[in-house]
Amino acid sequence: MGCYHAKCCSLLPNSSEEDPAEVELNRSNDNHPNESYQHIHSEKSLEIASIPSHNFNLEYTALTQRGYYPDSPDKENQDCFCIMTQLQGNPNLHLFGVFDGHGQFGTECSNFVKDRLVEILSNDPTLSKDPVKAFNSAFEAVNSELHESEIDDSMSGTTAIAVLVNGNTLFAANVGDSRGVIAVKSGDSVIAENLSRDQTPFRKDESERVKLCGARVLTIDQVEGLQDQDIQTWGDNESECGDPPRLWVQNGSYPGTAFTRSVGDSIAEKIGVISVPEVSMVQLTPSHLFFVIASDGVFEFLSSQVVVNMVMRYKDPREACAAIAGESYKLWLEHETRTDDITVIIAHIKYQHNSGVGVGVGVSDKTSRIDAKPALSEMGRGLTRTFISTVVKACNSLRTNISKLLCPQHNILNERRPAYVVPTHPEYSETPKQWSAETSDAAAFGNLQLAGHSSLSVVL
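Just so you know, we're using UniProt numbering here: the sequence shown kicks off at 1 and counts up by one.
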């Protein structure tokens, strides 16, 4: 479900220059949810990457937010992200990724995987010609390297969602329960179409797969004997499930992972937790307005459509990132006593005739921007004053709504619309019957084609 730690990623050394606004935000160290956000890192400005082969630009920004952990105020942010433009010197090849670490060494795992995945893809000569093969090879290699590294990944690892823009084609590779979403203009509406399917035991195909590998799929209450272990139905609305199904070894109360795929997690790997990505493909058209990739700190309580709707309200994607983080943070505290780490990347797809994104507001091509730097990992380096104002407003809303923490949980829609995915690894090449039967869902995707108990040890 959620991770406890995170760390803003960077393939480059941290800049010695600190934004005064960030210094001011980080000066307070009480981590109270109703004070200032702590350890927020974001793009200082709106960046741009061009796709000259098809005459459009990507205008992007990112934000990562450490979670609120009242019992562990010193825990790190285990999320990280990377943005690599002009990969391999190709002006039409750009990579975006979010990595959500978990376990005791989750920070080390997420950063290791982020760094190595980028390096492996950057040196793969088949990347632009066969991205699906390149993604599969890269994830297999980085998983093996993590096992062999000095990092103890026995009960630690990371999920990953990576989007590669290759000319006018977008490829999304997913391992775990972070998510990619693309906004599609349809008449007077803007529809959220998932680029990935969350890989959790809520998915019947994933649950059956790990069972065949020896996993027990049970909630914590079932493991503790409070509920019948023979009940194997949990519905499909994860946000309303405070005790999700998890994976356990046959004769033990570990590892307790709430996902079925990840990188690392060598113990869970023995019971079916694999690093094989599901890769989707979208042929971009002027109807595609933007895409969002984010950790499950966002999608735990916000549906894909709600996230798209929020982005549509803002002219500036930096403000949209702040709003999504603020709303996610608030909803976590309305349901639990802590929050997860939160990481968001938003990239607008700007053709000449769809430059306007915000509802009722056109985004001018004269929007302030900084030229994207080739093959650099973009990282959070601070906040502008305007950005802080948006964040502070979100925090202030917590004060006015703090009474809601004592109210019954809201019935929040959590649309986890499944993508029409075909596994891309030979070992898992059989297409589940339920996917081939989802003709209506596949058609709805248009151009989307898919080439707390002490005795329990739970990975969080």
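Every residue, glycine too, gets a C-beta built ideally from N, C-alpha and C.
Sub-8 Å separation of residue i and residue j beta-carbons
| i | j | result |
| --- | --- | --- |
| A62 | L117 | no |
| I349 | F56 | yes |
| F291 | V184 | no |
| V98 | T339 | no |
| E206 | Q199 | yes |
| residue 477 | F171 | It is not possible to answer for residue 477, since the shown part of the chain is limited to 1 through 460. |
| V132 | V279 | yes |
| P277 | F139 | yes |
| I271 | V249 | yes |
| A347 | E59 | yes |
| L127 | Q78 | no |
| T169 | L95 | no |
Identity of the residues DSSP links to residue i by a beta bridge
| i | result |
| --- | --- |
| L93 | N166 |
| E193 | I182 |
| L218 | R246 |
| V344 | L63 and A294 |
| T257 | L247 |
| D100 | D79 and T159 |
| F171 | L164 and M281 |
| V276 | Bridge partners of V276: none, in fact. |
| G264 | G157 |
| residue 465 | It is not possible to answer for residue 465, since the shown part of the chain is limited to 1 through 460. |
Exposure label - residue i; buried when at least 16 CB within 10 Å
| i | result |
| --- | --- |
| S186 | exposed |
| V361 | Summary for V361: the model assigns pLDDT 36, below 50, so the residue's position carries little reliability, and this model does not support an answer. |
| D74 | exposed |
| V298 | buried |
| K129 | exposed |
| V273 | buried |
| K204 | exposed |
| K330 | buried |
| H54 | exposed |
| G157 | buried |
| T257 | buried |
| K114 | buried |
| P70 | exposed |
| I151 | buried |
| G101 | buried |
| E319 | buried |
| I231 | exposed |
| G225 | exposed |
| S239 | Only weak support is given to the placement of S239: the predicted model assigns it a pLDDT of 49, under 50, and the question is left unresolved by the model. |
| L302 | buried |
| E148 | exposed |
Selection from the options that minimises the alpha carbon distance to residue i
| i | options | result |
| --- | --- | --- |
| S189 | E319, V306, N251 and T343 | V306 |
| P201 | D243, I191 and A160 | D243 |
| T85 | N77, C213, S262 and V165 | V165 |
| G176 | E336, I191, L170 and L195 | L195 |
| S295 | Y254, V132, D124 and S110 | S110 |
| E334 | F259, L87, G256 and E300 | E300 |
| P245 | L121, A215 and L284 | A215 |
| A323 | E47, L95, I51 and T64 | T64 |
| L93 | E108, I231, P52 and M312 | P52 |
| I345 | Q78, S178 and F112 | S178 |
| N90 | R313, Q222 and D124 | D124 |
| E47 | E336, T337 and P317 | P317 |
| V142 | Q227, S266 and R66 | S266 |
| V289 | L302, E269, E108 and M312 | Contrary to the premise, residue 289 reads as Leu rather than Val in this sequence. The option with the nearest alpha carbon to L289 is M312. |
| C247 | L302, R197, R209 and L284 | According to the sequence provided, residue 247 is Leu. The question's Cys does not apply to it. Checked all of L302, R197, R209 and L284; the closest Cα to L247 is R209. |
| R66 | L87, S253, T107 and F259 | T107 |
| Y68 | A325, A347 and Y351 | A325 |
| V223 | S50, S253, D341 and R197 | S253 |
| A160 | C82, D228, H147 and E145 | C82 |
| S304 | T233, R261, R197 and G103 | R197 |
| N174 | L146, S275 and C321 | S275 |
| I293 | E327, S287, Y314 and C321 | C321 |
| I191 | V308, E145 and E76 | V308 |
Enclosing beta strand (DSSP E) for residue i [first to last residue]
| i | result |
| --- | --- |
| V298 | Run containing V298: none in the beta strand (DSSP E); it sits in the alpha helix (DSSP H), D296 to F299. |
| M155 | Careful: M155 lies outside any beta strand (DSSP E) and carries neither H nor E. |
| E47 | E47 to I51 |
Boundaries (first-last residue) of the alpha helix (DSSP H) holding residue i
| i | result |
| --- | --- |
| K270 | Careful: K270 lies outside any alpha helix (DSSP H) and carries neither H nor E. |
| F56 | Unbroken run through F56 is the beta strand (DSSP E), F56 to Q65; no alpha helix (DSSP H). |
| residue 485 | Because the chain spans 1 through 460 in this model, residue 485 falls outside it and cannot be assessed. |
| P73 | Per DSSP, P73 belongs to no alpha helix (DSSP H) and is neither H nor E. |
| E140 | P131 to E148 |
| Q305 | S304 to M312 |
| G106 | G106 to S122 |
| D177 | Unbroken run through D177: none, as it is neither H nor E. |
| R209 | K204 to L212 |
Residue i at chain C interface by Cβ criterion, 8 Å
| i | result |
| --- | --- |
| N92 | Here there is only one protein chain, and chain C is not present. |
heavy atom of the ligand COA below 7 Å from residue i C-beta
| i | result |
| --- | --- |
| E224 | The ligand content of the structure shown is nil, which means the ligand COA is not present either. |
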